[in-house]
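J.: Please find one structure pasted underneath; my questions will follow.
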Amino acid sequence: MFRKVLVANRGEIAVRVIRACHELGVRTVAVYSEADRSSLHVKMADEAFCIGPAPTTGSYLNIPNIMSTAELLGVDAIHPGYGFLAENPRFAEIVADCKITFIGPPPKAIEVMGDKAAAREQMQRAGVPVIPGSHGPVASEREARDAARLTGYPLIMKAAAGGGGRGMRVVHTPQDLPAAVQTAQQEAQAAFGDGRVYVEKYIAEPRHVEVQILADRHGTVLNLGERDCSIQRRHQKLIEEAPPPRLRERTLVAMGRAAVRAAQAIGYVNAGTVEFLVDMHENFYFMEMNTRIQVEHPVTEMVTGVDLVKEQIRVAAGERLAFGQRDIEWRGHALECRINAEDPRHNFRPSPGTITTFTPPGGTGIRVDTHCYPGYAIPPHYDSLVAKVIAWGRDRHEAIGRMRRALLEFDIGGIQTTIPFHLKVLDNGFFRRGEIYTDFVQRRIELDTL
Amino acid sequence: MNDRIDFEQVREVVRLAEELGVAELEVETAALKVRVKMAGAGQAQAGAAQTGVLSPASRGITPASVPAAEAAGTDHLDAVVAPMVGTFYRAPSPDAPPFVKEGDFVEENQVVCVIEAMKLFNEIQAEKRGRIARVLTENATPVEFGQPLFLVDTSATRG
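Here it is, written out as structure tokens:
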């Protein structure tokens, strides 16, 4: 096991990783920007080092300063959390070159999954269903038209280097295609410095269902089950749950197997997530693989009892997974609500500021992951996640009821949060019946009545 | 846990001294000792000193807030801070004399130390001319981003 781990992140995930390290008896180093001096991860870690100014390019993305800190303080592993450098293959490589262990997958696996076209090709070869579309990036209008013959209309154009819902464009008719190709390429070039775009079948009313994978260095790849993350706004997930409601057992089993094949095909090690789009007929298609721990990992932890972050660290240290696929049991139902410092009554505008009162909910089946406390000032430089509330119940009905109770209990003063929005979703009849899809918020939630 | 000086606490003491209208105020806790001397007309001079509670974890790293607080209250003192994380060296090589010592006069852009980061030695220059009033960091110790390294008295003149 490692002696000392540097956590190259901030916020609740840095706190989450530090907790896992301390449970394993591993010392921790927090790195922080000048804006995060009073953040909880800085207080909780055994050592803390300032690595740069508030803007992320100078601090949390500053590879030289992070690596210098790692060397100066003698750490033997780095956990990247999610976001920032978590899916940067060059960073993973530099860490390895410095004889430090990167707590994550091999750089090659990050690289393959980071390139949508390359990932899709690998997945097709591994027999993982992909959305019908162009085999690679389309270079011209003619190539786009060829691809459109495979996909039909409507189709969607996506930037090869995009992600998180950015760089996407829906095309409804053949007449719209020529202009759309040009605009999409220009947008992709401007946003990602990579103008390649590819064409896919557009799936109406899809659900976002993903599979949690855990793999060790000794060839074991486990499926820890599915999560539904269909409740989104502008492609940002807001509520996640496990298991996905109203999906047939047969579909879940097939999806789990496909995800394991996907991980095996690229020699995956550590925790990762294979994301699928599921259509109305329960056909599922590979979307992408996130080669890191995810924000919503706690819902899987609640239904399986597996501590995913601790397993990440153990696997990175070279240990064998201490359990097999047959040992994994899914008990009950879990939901996660992401509480953001945003005002849902004003188009979710950011609401940074100082948290005056902060009393998180508790009681049976409730877990709160947060880096906030009373008096904490939310810096305006980073994402708006304030806390993740996770509720477990014997069934979905109980989990929803518990979540509702917990959110009503949660007292956060001084800032606006997304709690009123979550309560509205939890009380929605369609949501209660499990009729959810990625445009649920747009279609079923009247934001002006919040 | 780390034991950095809480800037807020220092500010509180200054505010308190102003409110009370006293000439001098000293506050001491287990972790912090702050003495504030009021210079007159609402202007405060704060001198902070940390008593020995550095955690073993921080391995002798000078808490950034100590000299910063000192510098803040003095008009002519300007801090040279570390622009990167690395190891602070006062001399170009172990046998060489230091680039500068206390009392030396430095010109703008004169090299005052090097910081080793990623096997590279980065020369750090003074931003303003003046006299080196204090060397704040031990030779060959790790420095954080923004950590004050020297105090330069910018009111001093050569000679």
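Quick mapping for you: the protein sequence lines, in order, are chains W and S.
First residue of the first sequence? That's 1 in my numbering, and the numbers climb one at a time after it.
First residue of the second sequence? That's 1001 in my numbering, and the numbers climb one at a time after it.
Backbone N, C-alpha and C fix where the C-beta goes; we use that ideal spot for every residue, glycine too.
Since we're looking at a predicted model, the values are computed, not measured.
What are the partner residues of Pro350/W, as DSSP defines its beta bridges?
T.: DSSP links Pro350/W through a beta bridge to Glu342/W.
J.: Is it right to say Ala1071/S is buried, meaning 16 or more other beta carbons lie within 10 angstroms of its own, or is it exposed?
T.: Bear in mind that the predicted position of Ala1071/S carries a pLDDT of just 46, short of 50, making it unreliable; the figure below should be weighed with that in mind. Buried, because 16 or more other Cβ atoms sit within 10 Å of the Cβ of Ala1071/S.
J.: Chain S partners of Ile51/W, CB-CB under 8 Å?
T.: Val1085, Glu1144 and Phe1145
J.: Just curious, the beta strand (DSSP E) that Asp146/W is in, first and last residue?
T.: For Asp146/W, there is no enclosing beta strand (DSSP E); the residue is part of the alpha helix (DSSP H) that begins and ends at Glu141 to Thr151.
J.: So, under 8 Å CB-CB, Ala119/W and Glu288/W are touching, yes? Tell me the CB distance rounded to an integer number of Å.
T.: Between Glu288/W and Ala119/W the Cβ distance is about 6 Å, and since that is below 8 Å, they are a contact.
J.: Give the list of continuous alpha helix (DSSP H) stretches no shorter than 4 residues that lie fully inside the stretch 272-346 of chain W.
T.: 297-304 and 308-316
J.: Quick one: what's Arg169/W bridged to in DSSP?
T.: Met157/W
J.: Using a threshold of 7 Å, state whether the C-beta atoms of Ala1133/S and Asp1104/S are closer than that.
T.: no
J.: DSSP has Leu1120/S in a bridge; who is on the other side?
T.: Ala1117/S
J.: Given a cut-off of 7 Å on the beta-carbon distance, is the pair Glu296/W and Arg402/W in contact?
T.: no
J.: In the DSSP assignment, find the beta strand (DSSP E) that holds Cys21/W and state where it starts and stops.
T.: No beta strand (DSSP E) holds Cys21/W; the alpha helix (DSSP H) holding it covers Gly11 to Glu23.
J.: At the level of alpha carbons, what is the spacing between Val170/W and Ala259/W?
T.: 27 Å
J.: Please check if any C-beta of chain S sits within less than 7 Å of the C-beta of Pro64/W.
T.: yes
J.: What does Ser39/W reach in chain S if we use C-beta pairs closer than 9 Å?
T.: Ordered by position in chain S, no residue passes the 9 Å Cβ test against Ser39/W, which lies about 12 Å from the chain.
J.: Which residues share a DSSP beta bridge with His79/W?
T.: Within the DSSP secondary-structure output, His79/W pairs in a beta bridge with Val7/W.
J.: If you run the structure through DSSP and keep just helix, strand and coil, what is Asn223/W?
T.: DSSP places Asn223/W in strand when its eight states are reduced to three.
J.: Can you name the start and end residues of the beta strand (DSSP E) that Glu210/W belongs to?
T.: For Glu210/W, the uninterrupted beta strand (DSSP E) run begins and ends at Arg207 to Ala215, by DSSP.
J.: Quick check on Ala1068/S: buried or exposed, where buried means 16 or more other Cβ atoms within 10 Å of its Cβ?
T.: Residue confidence for Ala1068/S is low, a pLDDT of 47 falling below 50, so the modelled location carries little weight and cannot support an answer.
J.: Considering just the uninterrupted stretch of the beta strand (DSSP E) at Gln236/W, what are its terminal residues?
T.: Gln236 to Ala242 is the span of the beta strand (DSSP E), which, as asked, contains Gln236/W.
J.: Would Phe2/W and Val26/W be called neighbours here (beta carbons separated by less than 7 Å)?
T.: Taking 7 Å as the Cβ cut-off, Phe2/W and Val26/W qualify as a contacting pair.
J.: I want to verify the contact list: residues of chain W whose CB lies under 7 Å from the CB of Ala1117/S, in sequence order.
T.: Pro64 and Ser68
J.: Is any beta-carbon of chain S found at less than 7 Å from that of Leu72/W?
T.: yes
J.: Determine whether the beta carbon atoms of Val452/W and Lys4/W lie at a separation below 7 Å.
T.: Here chain W has residues from 1 to 450 only, and residue 452/W is not among them.
J.: Would you check if there are 3 or more beta carbon pairs closer than 8 Å linking the stretch 334-342 of chain W to the stretch 418-425 of chain W?
T.: yes
J.: With distance defined between alpha-carbon atoms, name the residue in Tyr82/W, Ala159/W, Glu205/W and Ala204/W nearest to Phe192/W.
T.: Ala159/W
J.: Cα-Cα, which of Ile390/W, Pro129/W and Ala322/W is closest to Pro360/W?
T.: Measuring from the Cα of Pro360/W, the nearest candidate turns out to be Ile390/W.
J.: Among Pro64/W, Val197/W, Arg444/W and Ala265/W, which one has its Cα closest to the Cα of Arg125/W?
T.: Ala265/W
J.: Please classify Lys116/W: does DSSP put it in a helix, a strand, or coil?
T.: helix
J.: Is DSSP giving Glu398/W helix, strand or coil here?
T.: helix
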